[in-house]
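**Q**
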Amino acid sequence: MAFDVGGRGDLYFNDLAAKAWDDGMAMYGYGGQELAPDAGGENREENLRLLAETGHGLIIANGFAFAQNVWRVGTEFPEVMFAITDSCPQDDSFATVEMPNVRCMLFAEHEGSFLVGAAAALKSETGTIGFIGGVQIGLIEKFQAGFEAGARYINPEIEILVDYLTQPPDFSGFGDPVKGKESALAMYAQGADVVYHAAGGSGLGLFQAAVEASTDDRFLWAIGVDADQYNTVGDPALQAHILTSMLKRVDVAVGNTIEDFLMGEFTPGPVIFDLAAEGVGYSTTGGFVDDISGQLDEIAAMIISGEIEVPDTLEG
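Using our numbering, read the sequence shown as starting at 11 and increasing by one per residue.
1. What residue from A71, Y163, G50, N111 has the CA that sits closest to E317's CA?
2. Provide the residue span of the beta strand (DSSP E) that contains F141, from first to last.
3. At 3 residues or longer, and completely inside the segment 210–262: list those beta strand (DSSP E) runs for me, N to C.
4. Alpha carbon to alpha carbon, what distance is there between E55 and T64?
5. Could you tell me which of F87, G234, N79, L214 sits nearest to T294, measuring between CA atoms?
6. Quick one: is M115 buried, meaning 16 or more other Cβ sit within 10 Å of its Cβ, or exposed?
7. Would you give the residue range spanned by the alpha helix (DSSP H) that E108 belongs to?
8. Would you check if the segment 123–131 and the segment 211–226 touch, i.e. whether three or more CB-CB distances between them fall below 8 Å?
9. Give me the Cα-Cα distance between Y40 and E308, rounded to the nearest whole angstrom.
10. Report the three-state DSSP secondary structure of I170 (helix, strand or coil).
11. When the Cβ atoms of the segment 134–147 are set against those of the segment 204–214, are three or more pairs found closer than 8 Å?
12. Could you tell me which whole alpha helix (DSSP H) segments of length 4 or greater appear in the segment 23–97?
13. Given a threshold of 16 other Cβ atoms within 10 Å of its Cβ, counted over all protein chains shown, does D101 qualify as buried or as exposed?
14. Just the Cα atoms here: how many angstroms apart are M86 and V15?
15. Specify the secondary structure class of V264 as computed by DSSP and reduced to three states.
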C-alpha cells in the first residue's frame, strides 16, 4: 500500500484505504507493507519502486498524484499488478495510458455531490450556499459540478458561492485548514448557511468556521467529503455543524480490488464506483438529514435509473 501525503491518520482519503487494507488482512491473512511519502510527496515514485522491488504482487497507489509514477514503475515491473485511485496511468506528457497490469479505481463524485447539493438547498434558509475546492483541477470541478446541479435541482434560483484555495501546481490547498477557515468565514459572512468542501485536510477549517460564525440567531452548516466526517472529526462541537458528508467509498474500491487479486479475478483498466455500485453516497450520522433522507433517496434512485443525468464537468 502506497499512501499519499498524510498517510494513516489523515481522517480522510488515506484512512479509508487503510480500513480496507486492514480489513483484508484480518479476513484473508495476507502479509503486506505500507509506505507514505514525505510531506511534499516528492518520493511517491521511490516508494512504489521499493514496494515493487520487494516482490509484492499487488500495489495500491492511493491518489491521483501517483498517475505518472504508476506508469513509470508499472512499465518497469510488468509482472506486478497496480491499482490507482482517482486516475489512470499518465505518461510524461500527461496523456492517459492503458496498461495491462494497472487498474484505475474511479468514482462518480458528481453523483454523490448532487445528493449533498440537494441536501444543502433543502436545508438552506438564506438561499445562499457555498463550495470550497482545495485545488482547481478537473477532479475537484467534478465535485462542484454535481453539487451545483443538485442544489439547482431543488432550487433553480439558489446562489452558490465558489472558492478554490490554490491553483496548480500549488497543491497546498488540500492541506491548509487556515485557508479553509478563512474561505468559509468569508462565505458565511456573505450569507451562505451551508458550505460543502472538497479540500482534503483544509476541510477542518470549514468545520471550525461553522462553529465560530454561528450565533444564537443563525446556525451554520458544513458538509464533509469522502469519509463520514462527523465520525472522523471526533469533536462534539464540530460534529454539531456537520450536516452530512459526501461518501466516496475508497474503502469499497480498495477492498474489492484486493479481493479480486486474491481470488485471481483482477482485471486492468477503469472500474467505476458510482451510486449503483455503492461507491458514492451521503452520510446520515448525527441525524441532521433524517427529515429529508426520503427525498434524497428518491433522487438517488432517479440518478441510478438514468432519469436524472448528472453533469461531471462545469460545462455540463
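Idealized CB from N, CA, C, for every residue including glycine.
**A** On the basis of the supplied data:
1. Of the listed residues, the one whose Cα sits closest to E317 is Y163.
2. Counting along the chain, the beta strand (DSSP E) containing F141 begins and ends at 138–145.
3. Listed in chain order, the complete beta strand (DSSP E) runs (minimum 3 residues) inside the segment 210–262 are 231–236, 252–258.
4. The alpha-carbon atoms of T64 and E55 are separated by roughly 14 Å.
5. Closest option to T294, Cα to Cα, is G234.
6. Buried, since its Cβ has 16 or more Cβ neighbours within 10 Å.
7. For E108, no alpha helix (DSSP H) run applies, since DSSP gives it neither H nor E.
8. Under the Cβ criterion (8 Å, minimum of three pairs), the segment 211–226 does not count as touching the segment 123–131.
9. For Y40 and E308, the distance between alpha carbons rounds to 40 Å.
10. Residue state, collapsed to three classes: strand.
11. A contact exists between the segment 134–147 and the segment 204–214.
12. Correct list: 23–38, 54–63, 77–86.
13. D101 should be labelled exposed.
14. Rather than Met, the amino acid found at residue 86 in this sequence is Glu. Going by the C-alpha atoms only, they are around 24 Å apart.
15. Here V264 sits in helix by DSSP.
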